[in-house]
Amino acid sequence: AITYLKNYQRKVGEPNTWVLNLQAIYEERRGNNKAAIECYEAAANVDDINGVPCFNLALAMMKSDDCQNALVWVNKALNREDDAPFKVLRLQIQKKLGYELDYIAEAKKIIGEFNKLEVLDNWEFYWYETASNIVGDDTVKQKIEDEKTRRRNLDEPVSTGTNLPIIIESTL
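Note that the working numbering has the sequence shown beginning at 14, numbered continuously upward.
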């Protein structure tokens, strides 16, 4: 798949955010974090509107314990797209860096920015759950468990407890 994406890029002759982001995801899943970070950064530099590659780059950097640069990139993602999951990642990075914040209050604020649980896709649901774990509210945890049960009963996807990068909608 990576070879195909590289060949496609060469054939087209110009970088494509979607292709580079997808290539980075494949690189990351096969354990090549250095190549993944390079591809995410290339994807983030193709345009200055899409926050997804910046988010994915920040996530990969955080996983590599490069939290200072991760914070820079998640802030770039937020400058492009003001999404609640991006804010959860930023809060996690800030916590790892030891910022003096009221993490519970910040997480509660972010939780308020999400849509209703029933309409969140699996990826958003994961980040909602991550924010709620910071808060530690048993009522919210029960709502999450109830929603997981509802989704299982409807054969809908349920959060896997992983913080995988996201794929950009393709324009190809």
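Idealized CB from N, CA, C, for every residue including glycine. For clarity, every value in this text was computed on a predicted model and none was experimentally measured.
Measuring alpha carbon to alpha carbon, tell me which residue in the options is nearest residue i.
i: residue 92; options: 120, 75, 57; result: 57
i: residue 159; options: 135, 139, 130; result: 130
i: residue 62; options: 143, 95, 15, 43; result: 95
i: residue 121; options: 68, 65, 150; result: 150
i: residue 97; options: 15, 65, 35; result: 65
i: residue 132; options: 115, 119, 146, 163; result: 163
i: residue 32; options: 134, 155, 52; result: 52
Within this structure, are the beta carbons of residue i and residue j separated by less than 8 Å?
i: residue 84; j: residue 107; result: yes
i: residue 144; j: residue 123; result: yes
i: residue 54; j: residue 48; result: no
i: residue 59; j: residue 29; result: yes
i: residue 117; j: residue 153; result: no
i: residue 101; j: residue 136; result: no
i: residue 213; j: residue 138; result: Given a span of 14 to 185 for the chain in the structure shown, any question on residue 213 remains unanswerable.
i: residue 36; j: residue 50; result: no
Any idea if residue i is buried or exposed, counting beta-carbon neighbours within 10 angstroms, 16 or more meaning buried?
i: residue 27; result: exposed
i: residue 34; result: buried
i: residue 113; result: exposed
i: residue 185; result: Low per-residue confidence applies at residue 185: pLDDT is 49, beneath 50, and the placement is therefore not dependable enough to give any value.
i: residue 25; result: exposed
i: residue 18; result: buried
To the nearest whole angstrom, what separates the beta carbons of residue i and residue j, a pair I think is in contact under 8 Å?
i: residue 46; j: residue 73; result: 6 Å
i: residue 110; j: residue 81; result: 7 Å
Cβ of residue i versus every heavy atom of the ligand ADP: is any distance shorter than 7 Å?
i: residue 63; result: The model on display carries no ligand, and the ligand ADP is accordingly not part of it.
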